[in-house]
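Numbering (the numbering used here), first residue to last: 3 to 320. From the three backbone atoms N, C-alpha and C, an ideal C-beta is built for every residue, glycine too. Quick caveat: nothing in here was measured; it's all calculated off a predicted structure. Just below is one structure, and these are the notes that go with it.
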């Protein structure tokens, strides 16, 4: 999906023109994948644009950076303020926000040197349905990838780091080359992990199941939101290991993620889910999730953070 360009990007403490946001070819992250990032949605609500779980996303950004010994030269509050600034400056209402921090120029070895910069950039732009406009209603066709997710203690799968997504590239490329909409990765034990860029939920006999964090997944914030919304509706939600064949006999399957939002899965390896597409639980979760932004679902968790004009000034920390 092509990026719809906007006017400004926040880079290292200041707003710059979109086309000026360039990086040196010898930046550490370009060679070794040492970036951490987030994908965040801003929705136009009855009270104006609001960012979904902004503080939680930025907290995870800083947690990911900590795992990779990357000192971000701003506070979490400053980065949150910068996200709001980018939305306002580009006059956006519904948008996707991409904050990214990475080791930049200053050394060529694997270990970032003391002179290697840590650069922080935030872009925002309009972005529709990640898996297609029809996918939210009709679902997507998926396959199990021949590429497994990384085994525990190889890379920190709980960190949202650029290098971690190389496996996602392979999983997604394989799926598309075989005529599917998306791929699903298994963990090192052959159990269900997640989609190329999404967490996964499986419904059988009214019970909603999702793989645990030990299954080499990213603990997604949309995943967490759906768990809370489902429990609030009285559903039995369980985090437990799932076999490959459990996908073949499921009543419903759906993906969750900032990009995918809540997208039903129609089939896996040619096995159509028992409900035939979007099931009643996936539809209910979509209703409750998108209702947060229309005002029809009470935001009891204070997930929506308004894009206000009184965001704090963002100063560089020496």
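Per DSSP, what are the beta-bridge partners of residue 258 in this structure? 201, 264
Counting only beta-carbon atoms, is residue 180 nearer than 9 Å to chain D? Protein chain content of the structure displayed is limited to a single chain, and chain D is not contained in it.
Pick helix, strand or coil for residue 166, following the three-state DSSP scheme. helix
Note down the Cα distance separating residue 1 from residue 43, rounded to an integer number of angstroms. Residue 1 cannot be examined here, being either before or after the span of the chain that is shown, 3 to 320.
Which residues in the same chain have their Cβ closer than 7 Å to the Cβ of residue 242, if we skip the five residues on either side of it in sequence? 211, 214
Inter-residue spacing [alpha-carbon to alpha-carbon] between residue 1 and residue 111: Absent from the model: residue 1. The displayed extent of the chain is 3 to 320, so no value can be given.
Pick out whichever of 52, 31, 37 has its Cα sitting closest to the Cα of residue 294. 52
What does DSSP give as the partner residues of residue 240 in its beta bridges? 211
Given a cut-off of 9 Å on the beta-carbon distance, is the pair residue 264 and residue 291 in contact? yes
Residue range of the unbroken beta strand (DSSP E) whose run includes residue 122: 120-127
Apart from the five residues just before and just after residue 258, which ones in its own chain have a Cβ nearer than 7 Å to its Cβ? 200, 201, 203, 222, 224, 225, 228, 264
Nearest to residue 17 by alpha carbon, out of 86, 161, 72, 39? 86
Burial state of residue 134 (16 or more Cβ within 10 Å): exposed
Alpha carbon to alpha carbon, what distance is there between residue 170 and residue 315? In this prediction, residue 315 scores a pLDDT of 45, lower than 50, which makes its location untrustworthy; the coordinate-derived value is nonetheless stated afterwards. Approximately 36 Å between the Cα atoms of the pair.
For residue 70 and residue 163, which I take to be in contact (beta-carbon distance under 8 Å), what is that distance rounded to the nearest angstrom? 6 Å
Could you give the distance in angstroms between the alpha-carbon of residue 34 and the alpha-carbon of residue 166? 11 Å
May I ask you to report which of helix, strand or coil DSSP gives residue 307? strand
For the beta strand (DSSP E) containing residue 145, list its first residue and its last residue. 142-146
For residue 54, name the three-state secondary structure that DSSP assigns. strand
Label residue 21 either buried or exposed according to how many other C-beta atoms from any shown protein chain fall within 10 Å of its C-beta, with 16 as the threshold for buried. exposed
Consult DSSP for residue 34 and reduce its assignment to one of helix, strand or coil. helix
Residue closest to residue 118, alpha-carbon to alpha-carbon, out of 107, 125, 126: 107
If you drop the 5 nearest sequence neighbours on each side, which residues of the same chain put their C-beta closer than 8 Å to that of residue 250? 270, 271, 273
Excluding the 5 residues flanking residue 25 on each side, which residues of the same chain have their C-beta closer than 6 Å to its C-beta? none
Close beta carbons around residue 321, own chain, < 8 Å, minus the five adjacent residues each side: Outside the displayed range of the chain (3 to 320) lies residue 321, so it cannot be described from this structure.
Pick out the complete alpha helix (DSSP H) segments inside the stretch 10-34, 4 residues or longer, and give them in chain order. 30-34
Does the Cβ of residue 9 have 16 or more other Cβ atoms within 10 Å, making it buried, or fewer, making it exposed? exposed
Beta-carbon proximity check, residue 161 vs residue 184, cutoff 9 Å: no
Taking residue 267 and residue 181 to be in contact with their CB atoms under 8 Å, please state how far apart those CB atoms are, rounded to whole angstroms. Not a contact, Cβ separation roughly 15 Å.
For residue 45, does the three-state DSSP call read helix, strand or coil? strand
Helix, strand or coil for residue 6 per DSSP? coil
If you compare alpha carbons, which of 209, 297, 281, 301 is closest to residue 48? 297
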